[in-house]
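Residue 101 in the UniProt record's numbering sits at position 101 of the sequence shown, and the numbers go up by one each step.
A quick write-up on the structure given underneath.
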Amino acid sequence: MKIILLLITISGIYFSYSFAGVYKYVAPDGSVTYSMEKKNSNYETIIKKTDYKTLIKENRKKNINKYSKQIEKADKLKLPLIITKIKTSQPNIVNGVDVDIDFLSTSDLPLKYVLFEVIPYNAVQDIVSSEINGKTTAYLKGTGPYYRGDTNRYNHWANTWYNPTIVCAALVSVVVIFLDETKKVYINNALKDLFLNQKISISCPKPMER
Numbered sequence: 001m002k003i004i005l006l007l008i009t010i011s012g013i014y015f016s017y018s019f020a021g022v023y024k025y026v027a028p029d030g031s032v033t034y035s036m037e038k039k040n041s042n043y044e045t046i047i048k049k050t051d052y053k054t055l056i057k058e059n060r061k062k063n064i065n066k067y068s069k070q071i072e073k074a075d076k077l078k079l080p081l082i083i084t085k086i087k088t089s090q091p092n093i094v095n096g097v098d099v100d101i102d103f104l105s106t107s108d109l110p111l112k113y114v115l116f117e118v119i120p121y122n123a124v125q126d127i128v129s130s131e132i133n134g135k136t137t138a139y140l141k142g143t144g145p146y147y148r149g150d151t152n153r154y155n156h157w158a159n160t161w162y163n164p165t166i167v168c169a170a171l172v173s174v175v176v177i178f179l180d181e182t183k184k185v186y187i188n189n190a191l192k193d194l195f196l197n198q199k200i201s202i203s204c205p206k207p208m209e210r
């Protein structure tokens, strides 16, 4: 489905808005940038119909180039994905704490689901539980399909726990289910491999490391 819904001018800046809610900018040098937000820039847009599938493929190529070194390591270890972020939010007004987990698919076989098992910690690195339902372990699910070069589109789980003392979360396990229904389970050292020694950790830092 090829479509452009609307063309708007703001302060001499032109942008095209696709049905997926993505703004496309083409710079004078021909480089293309996509954003979910309107950008205050001097970019000029070349107006042409944008195919959403083409956009996704271009984003995959961009991700593969950006994470080329990590993907090379992942291929050697035969990893289906790389985890690039795990983060908890500040407690909200009702003490709800959100969890964000970002990953990049490095698998030639598309991923159907990615399941994360996470536990929360307080500032002195004790495991804590939710004050509403008493749960400690949370099971979070990412739904694909995720092809090689895809990042997870839904990376935010709101109000995973309700506890104002939570400062971080640790991964206990990751289960990857492929489109052919085969699966891989990552725990302990195998789980650490998914981080590829980046500046993020499988677990919360010790209190003195904050």
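C-beta: ideal position from N, C-alpha, C; glycine also.
Note that the structure is a prediction, hence the values are computed from the model and not measured.
- Cβ neighbours of Gly134 within its own chain (closer than 8 Å, five residues either side excluded): none.
- Thr84 carries a strand assignment under DSSP once its states are collapsed to helix, strand and coil.
- A direct Cα-Cα distance of roughly 13 Å separates Lys85 from Trp157.
- A straight line joining the alpha-carbon of Thr136 with that of Lys192 spans about 21 Å.
- By the Cβ rule, the segment 147-155 does not count as touching the segment 166-181, because fewer than three pairs are nearer than 8 Å.
- Across the structure, Ser105 and Ala170 are spaced so that their CA atoms are roughly 20 Å apart.
- If you compare the alpha carbons of Asn188, Trp161, Asp98 and Gly144 with that of Leu115, the shortest gap goes to Gly144.
- In this structure Leu196 touches Ile82 by the C-beta definition: roughly 6 Å separates them, less than 8 Å.
- Boundaries of the alpha helix (DSSP H) harbouring Ser68: Ser68 to Leu77, taken from the DSSP string.
- Its chain contains Ile127, Thr136, Thr137, Ala169, Ala170 and Val172 as the residues whose beta carbon lies nearer than 7 Å to that of Ile119, once the 5 sequence neighbours on both sides are disregarded; these appear in chain order.
- With contacts defined as CB atoms closer than 8 Å, Lys87 and Asp100 qualify as a contacting pair.
- According to the DSSP secondary-structure assignment, Ile93 is paired through a beta bridge with no residue.
- Positions of the alpha helix (DSSP H) runs, each at least 4 residues long and wholly inside the segment 148-172, cannot be given because no such run exists.
- Assignment of Ala138 by DSSP, reduced to helix, strand and coil, places it in the strand class.
- In its chain, beyond the 5 residues on either side, Ile64, Ile82, Leu104 and Thr106 have a beta carbon closer than 8 Å to the beta carbon of Ile71.
- Note on geometry: alpha-carbon atoms of Ala123 and Ile166 lie some 7 Å from one another.
- Around Lys61, the same chain offers Gly149 as residues with beta carbons nearer than 7 Å, after the five sequence neighbours per side are excluded.
- In this structure Asn188 does not touch Asn95 by the C-beta definition: roughly 31 Å separates them, more than the 8 Å allowed.
- Take the alpha-carbon of Ala190 and the one of Asn92: they are about 34 Å apart.
- The Cβ-Cβ distance between Asp75 and Thr160 does not fall below 8 Å.
- At least 8 Å separates the beta-carbon of Tyr146 from that of Glu117.
- Between Lys184 and Pro80, the gap from beta carbon to beta carbon is short of 8 Å.
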